């Protein structure tokens, strides 16, 4: 089975590398590994939708995979979610792609530039309809996300986006990852660990090390299950 792990930064998925056997490093952004029967490529795209879209599309046009996994940290809109919790993202959307006027912000769908169910969108969202029946998914919760080019760092903007999109978390790459995978017709999963709450920016209250540690533990758990159950 051939797997591609995609991450915006090397830091976010660095711990799992020690558990894999290095096979080849052709490029600074792509390294090939092996874990038992799994052949695992790790692609570092850079932060944000633009870099993710180009890097992932370019690579998928050259190499075919059984499964593509996006792994990274995220900010939570929900106070009931704990820092360090890990989730599977089922729905994602481009939250800041639209038009702003003096009173409000409207998406391209709301302004009529795109139809809400125009492929690959469903009700203006990108939805992962990939069906994966693994024991792994019995132990991990599912959430919804928005993707932004600028992460929110003040109370006003955080509240505005939370109320408008009613989403659980925000990232800077998720929707781009969804879009590319759906368009390329490849099965995919997005796994995110919570490093902070989306509100006034207070780095002292973040816990990136915990999020990265838990993310990589869950990611390795997924690889173990994929290797054992051998099905997509």
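Residue numbers (the working numbering): 1110 to 1341. No residue lacks a Cβ here, since even glycine has one placed at the ideal position from N, Cα and C. Quick caveat, the model's predicted, so the values are computed rather than measured.
Distance, residue 1297 Cα to residue 1173 Cα: Counting from one through the chain shown, the residue named residue 1173 turns up at place 64. Counting from one through the chain shown, the residue named residue 1297 turns up at place 188. Each residue's alpha carbon lies about 12 angstroms from the other.
Which same chain residues, not among the five before or five after residue 1160, have their C-beta less than 7 angstroms away from its C-beta? Numbered from 1 along the chain shown, position 51 holds the residue referred to as residue 1160. Answer for residue 1160: 1154, listed in chain order.
Among 1335, 1237, 1195, 1265, the one whose alpha carbon lies nearest that of residue 1278: Taking the chain shown and counting its residues from 1, one reaches residue 1278 at position 169. Answer by Cα proximity: 1195.
C-beta contact flag for residue 1235 and residue 1291 at 8 angstroms: Locating residue 1235 in the chain shown gives position 126, counting from the first residue. Locating residue 1291 in the chain shown gives position 182, counting from the first residue. Residue 1235 is a Cβ neighbour of residue 1291, given a cutoff of 8 angstroms.
What did DSSP end up calling residue 1192 once you bin it into helix, strand or coil? Taking the first residue of the chain shown as position 1, residue 1192 is located at position 83. Residue state for residue 1192 is assigned as coil, using DSSP reduced to three classes.
For residue 1292, three-class secondary structure by DSSP: The residue you call residue 1292 lines up with position 183 of the chain shown. In the three-state reduction of the DSSP assignment, residue 1292 falls in the helix class.
Three or more C-beta pairs below 8 angstroms linking the stretch 1217–1230 and the stretch 1163–1177: Fewer than three pairs of CB atoms, one per stretch, sit closer than 8 angstroms, so the stretch 1217–1230 makes no contact with the stretch 1163–1177.
Does DSSP put residue 1344 in a helix, a strand or coil? There is simply no residue 1344 to check, as the chain begins at 1110 and stops at 1341 in what is shown.
Going by DSSP in three states, residue 1206 sits in which element: helix, strand or coil? As a position in the chain shown, residue 1206 is number 97, starting the count at 1. Residue 1206: coil per DSSP, three-state reduction.
If you draw a straight line from the alpha carbon of residue 1286 to that of residue 1183, how long is it in whole angstroms? Numbered from its first residue, the chain shown carries residue 1286 at position 177. Numbered from its first residue, the chain shown carries residue 1183 at position 74. Distance between the alpha carbons of residue 1286 and residue 1183 is about 14 angstroms.
I'd like the span of the alpha helix (DSSP H) that includes residue 1163, first residue to last. For the purposes of this step, residue 1163 is taken as residue 54 along the chain shown, with counting starting at 1. Run containing residue 1163: 1158–1169, per the alpha helix (DSSP H) assignment.
Just to confirm my understanding: we take residue 1125, look at its own chain, exclude 5 residues before and 5 after, and list those with CB closer than 6 angstroms. What are they? Position 16 of the chain shown, counted from the first residue, corresponds to residue 1125. So the list reads 1325, 1328, 1329, once near-sequence residues are dropped.
From the DSSP output, in three-state form, read off residue 1219 for me. As a working mapping, residue 1219 is identified with position 110 in the chain shown. Residue 1219: coil per DSSP, three-state reduction.
DSSP three-state call for residue 1301: helix, strand or coil? What you label residue 1301 is simply residue 192 of the chain shown in a count that begins at 1. Residue state, collapsed to three classes: strand.
Measuring straight from C-alpha to C-alpha, what distance separates residue 1332 and residue 1149? The count along the chain shown starts at 1 and reaches residue 1332 at position 223. The count along the chain shown starts at 1 and reaches residue 1149 at position 40. Residue 1332 and residue 1149: Cα-Cα distance of roughly 9 angstroms.
Buried versus exposed, by CB contacts within 10 Å (16 or more), residue 1231: Counted from its first residue, the chain shown places residue 1231 at position 122. The residue in question, residue 1231, is exposed, as its Cβ has fewer than 16 Cβ neighbours within 10 Å.
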